[in-house]
Amino acid sequence: MLASSSGRSLSWCWRHRVCSGAAIDGEGRPAMSSAAPSIGAIRRVLLATDQSEFSAGAEEVALSLAKDHGVPLTAMTMVLSAPELDAIAPERIEQAEDQAVEYLDGLVERAGERGVAIEPLVRHGLDPALEITAAAGEIGANVIVMGRRGRRGLARVMLGDATARVVGSAGCCVLVVPKAARSWSKRILLATDGSKFAEAASEVAAAMARQRGLPVTVLSSIRPVFNAERGREAVEIAARTSARFKAAGLDADGVVENGDPEVKIIELAAARGADLIVMGTRGRNTFEKMLMGSVTERVLSASTCPVMTVRVKI
12 MLASSSGRSL SWCWRHRVCS GAAIDGEGRP AMSSAAPSIG AIRRVLLATD QSEFSAGAEE
72 VALSLAKDHG VPLTAMTMVL SAPELDAIAP ERIEQAEDQA VEYLDGLVER AGERGVAIEP
132 LVRHGLDPAL EITAAAGEIG ANVIVMGRRG RRGLARVMLG DATARVVGSA GCCVLVVPKA
192 ARSWSKRILL ATDGSKFAEA ASEVAAAMAR QRGLPVTVLS SIRPVFNAER GREAVEIAAR
252 TSARFKAAGL DADGVVENGD PEVKIIELAA ARGADLIVMG TRGRNTFEKM LMGSVTERVL
312 SASTCPVMTV RVKI
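Per our numbering, the sequence shown starts with residue 12, numbered consecutively.
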């Protein structure tokens, strides 16, 4: 159980019961296979909802993901609190707690109608990103599903501070879902640069494509300023990666685009009708670092479809 320095519990699973488990780490480059579990295998899903309209898409996608893959689903929401605040306004904390429980109760009921079991989790604290990543580690989730905030100026940069920080610090996959987006059914776009981060993302893309029988488009982009060697490398990456998908029995094609990666990813997803984007991320420790030229952050901010980020620890 997590506790404050005063001993107050900061984590409840449906009021007072605490979920626990081992965190899942993602390392290496496993071969694409439908047999043994790999980095691409979904084992447990954590849905982080803020009880707002911005979490609507994430809630729907999390339910579909858990049902399709037959994996456990935990739905988490936050009550912003700290010992000093609790002492000043205990009735406010109690009211927020009741609201959180009621909201998750409704989500559990809605999921039950679709044959999906949810384990509800209410956490107390002041930092949503910290609580989300901690919860994922405790329950052993290897996929976090969360929404994306609306366009509210530079402070949120269209993505949302909590979402950006979770993407940058979580030791597992993070699936960011716009509020109007739903689960994918057409095509998956894999953005790759040939790095070990992109190789890990290719494993996830393969697992998602195999589960639903979807085609995969592999994109390797070249920035406007590049040399001939980089151009040949991009072509080789796209060809090699798409060939691996085909060898695994998946429908795949490779594309090389000249331009800023974040722009080309969004454009190609729209042109090919892709409704899921998968990409690797090195991960960062702070939101401020993510603002400094992060292709991942820009794609997450601009995409109209869900984006799965795959992080490999270094």
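The C-beta atom is built at its ideal place from N, Cα and C for all residues, glycine as well.
All values derive from a computational prediction rather than experimental measurement.
- [ ] Consult DSSP for Gly-136 and reduce its assignment to one of helix, strand or coil.
- [x] If DSSP states are grouped into helix, strand and coil, Gly-136 belongs with the strands.
TODO: May I ask you to report which of helix, strand or coil DSSP gives Ala-309?
DONE: Strictly speaking, residue 309 in this sequence is Arg, with Ala absent from that position. Three-state DSSP puts Arg-309 in a helix.
TODO: Can you tell me which of the three DSSP states Ala-93 falls into?
DONE: Of the three classes helix, strand and coil, the one that applies to Ala-93 here is coil, per DSSP.
- [ ] Using the Cα positions of Thr-85 and Asn-238, report the straight-line distance between them to the nearest angstrom.
- [x] 48 Å
Task: Proximity of Met-219 and Val-289 at Cβ, strictly below 8 Å - done: Met-219 places its beta carbon less than 8 Å from that of Val-289.
Open item on the list: Less than 8 Å between the C-beta atoms of Val-178 and Thr-307, yes or no?
Closed with: yes
Task: From Val-246, Phe-256, Ile-199, Thr-320, residue whose alpha carbon lies closest to that of Ala-282 - done: For Ala-282, the nearest C-alpha among the options comes from Ile-199.
Open item on the list: Tell me the residue span of the alpha helix (DSSP H) that contains Gly-81.
Closed with: It is not in any alpha helix (DSSP H) - Gly-81 carries neither H nor E in the DSSP assignment.
TODO: Grab me the residues of Ile-143's own chain with a C-beta within less than 6 Å of its C-beta, minus the 5 sequence neighbours each way, in chain order.
DONE: Ala-59, Val-177
Open item on the list: On the DSSP bridge list, what partners appear for Ile-155?
Closed with: Leu-57, Val-185
Task: Paired residues, beta bridge with Met-202 - DSSP - done: Residue identity check: residue 202 is Ala in the sequence provided, not Met. Answer is Leu-230, Met-290, bridged to Ala-202.
Task: Limits of the unbroken alpha helix (DSSP H) element including Thr-174 - done: 172-180
- [ ] Could you tell me whether the segment 248-257 touches the segment 216-231, using the rule of 3 or more Cβ pairs below 8 Å?
- [x] Touching, yes.
Task: Pairwise C-alpha distance: Lys-197 and Arg-125 - done: 22 Å
Open item on the list: Assess contact between the segment 70-83 and the segment 94-109, defined as three or more Cβ pairs (one per stretch) separated by less than 8 Å. Is contact present?
Closed with: no
Open item on the list: Whole angstroms are fine: how far does the CA of Lys-257 sit from the CA of Val-56?
Closed with: 28 Å
Open item on the list: Can you tell me whether Val-246 is helix, strand or coil according to DSSP?
Closed with: helix
Task: Opposing strand residues paired with Met-319 [DSSP bridges] - done: Leu-186, Val-289
Task: Rounded C-alpha distance that separates Ala-202 from Ala-147 - done: 25 Å
Open item on the list: With a threshold of 8 Å on Cβ separation, who are the neighbours of Leu-118 within its own chain once the five nearest residues in sequence on each side are excluded?
Closed with: For Leu-118, where only same-chain residues beyond five positions count, the Cβ hits under 8 Å are Thr-60, Glu-70, Ala-86, Ile-129, Pro-131.
Task: Three-state class that DSSP yields for Val-266 in the structure shown - done: strand
Open item on the list: According to DSSP, simplified to helix, strand and coil, what is Pro-131?
Closed with: Secondary structure of Pro-131 (DSSP, three-state): strand.
Open item on the list: Would Ala-9 and Lys-190 qualify as a contact pair, given that the criterion is a beta-carbon distance under 8 Å?
Closed with: Any answer about residue 9 is impossible in this case: the structure gives the chain only from 12 up to 325.
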